[in-house]
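Residue numbers (the numbering used here): 22 to 358. Virtual Cβ for every residue (Gly too), placed ideally from N, Cα, C.
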Ligand code: KG4
Ligand code: ZN
């Protein structure tokens, strides 16, 4: 059974084909970085126009490459959460293709696709688990009970972790897209007398707040003339603080549920310090495992959409043919399509 996956929730146009027997057959991504770089962030109108320009070309490319036409059994597309204009491009195309090929079409929740993306390469990952979902727009702790059943245990009250990474790296003069650049600079940083706050560390709940940390860091950057080593030290102190607070709350969630499986997913899960410290924590404290995807599956991609489509196909969960987008679709509502 073959699933065509289409991802257009933000600024990456992703298409892929996942085969339930053979695994991922092909995965192509067009990144719009060069369009948005001059604005220092994503411009939604430009993002949707670029998706519209590239998506048909990309689908043709993958179908030609693996030489298939009629063997697609399901078209899975990102229906939300995401930017309205961007989502509309992928959903309209998916539904038109489904209609013309007479193939079922399934709306996919982008965050659920991130959460389960480590399974593409690692089938030993099993439910239940605690998920730390860290992307450009979300910072959430999830109790994942089974496919389609999730409880949000914690959320960011303001900025997402990825957003904070992006803003601080912009202030440090690093190039867009930023999180990875900040992390690279942080590796050159050394321990200094800089200690950044861990917001909401002692709050009993599992929520996060990154705006105070962001303001604290930006004040240091704006009020000092910094050489490159000092910038690296700030990047390190900032990254240490973000990773620390993410794992402090994750640890609480694992204790709360009494589980010893952790999944870290979303763009920020590519962060090397986060991966390293999470692995140490899981081994030392929980005698358990941490799962994350290869870095090219951490950020947005079509493979995770196609893969999740294949899981739902097995459960015979197929939507009716209607164009559906849900720009604010919560993980707790994934079964309400
Ligand atoms: O999941 P994603 O591709 O898009 C959303 O769905 O939001 O995540 C993008 C976010 C950006 O904020 C980016 O700066 C961050 O992931 N990111 C990183 C790293 N790689 C990407 N943040 C920290 N360290 C990284 N290595
Ligand atoms: Zn994403």
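How about residue i and residue j: do their beta carbons lie closer than 8 angstroms?
i           : j           : result
residue 283 : residue 309 : yes
residue 130 : residue 350 : yes
residue 218 : residue 182 : no
residue 157 : residue 29  : no
residue 101 : residue 330 : no
residue 274 : residue 174 : yes
residue 438 : residue 324 : Nothing can be reported for residue 438: it is not among the residues displayed for the chain, which extend from 22 to 358.
residue 123 : residue 22  : no
residue 202 : residue 190 : yes
residue 161 : residue 168 : no
residue 89  : residue 119 : no
residue 210 : residue 254 : yes
residue 220 : residue 234 : yes
residue 278 : residue 302 : no
residue 62  : residue 197 : yes
residue 132 : residue 352 : yes
residue 69  : residue 109 : yes
residue 206 : residue 256 : yes
residue 320 : residue 291 : yes
residue 142 : residue 315 : yes
residue 195 : residue 242 : no
residue 46  : residue 76  : no
residue 260 : residue 213 : no
residue 125 : residue 339 : yes
residue 179 : residue 121 : no
Which residues bound the alpha helix (DSSP H) around residue i?
i           : result
residue 251 : 249-278
residue 282 : Note, residue 282: premise wrong, no alpha helix (DSSP H); beta strand (DSSP E) at 282-286.
residue 298 : 293-302
If you follow the beta strand (DSSP E) that residue i is part of, which residue opens it and which one closes it?
i           : result
residue 207 : Taken as a continuous stretch (DSSP letters only), residue 207 belongs to no beta strand (DSSP E), being part of the alpha helix (DSSP H) at 200-208.
residue 52  : 44-52
What is the DSSP secondary structure of residue i, reduced to helix, strand or coil?
i           : result
residue 36  : strand
residue 312 : strand
residue 25  : strand
residue 229 : strand
residue 237 : helix
residue 337 : coil
residue 290 : helix
residue 217 : coil
residue 353 : helix
residue 344 : coil
residue 31  : coil
residue 317 : helix
residue 41  : coil
residue 222 : coil
Residue i and residue j look like a contact to me (Cβ under 8 angstroms); what is the Cβ gap, rounded to whole Å?
i           : j           : result
residue 104 : residue 31  : 6 angstroms
residue 57  : residue 67  : 7 angstroms
residue 266 : residue 222 : 6 angstroms
residue 166 : residue 148 : 6 angstroms
residue 312 : residue 128 : Contact doesn't hold; Cβ gap of about 25 angstroms is too wide.
residue 177 : residue 230 : 7 angstroms
Chain D beta carbons: is any one of them nearer than 8 angstroms to that of residue i?
i           : result
residue 164 : The structure shown contains no chain D; it holds only a single protein chain.
* Output the residue ranges of the beta strand (DSSP E) runs that lie fully inside the region 59-134 and measure 3 residues or longer, sorted by chain position. => 93-101, 126-130
* Asked: At what residue ranges does the region 137-196 contain a whole run of the alpha helix (DSSP H), taking only runs of 4 or more?
  -> 182-192
* Asked: Which residues, in chain order, sit with a beta-carbon under 7 angstroms away from any heavy atom of the ligand SAM?
  -> Inclusion of the ligand SAM in the displayed structure is not the case, the ligand content consisting of the ligand KG4 and the ligand ZN alone.
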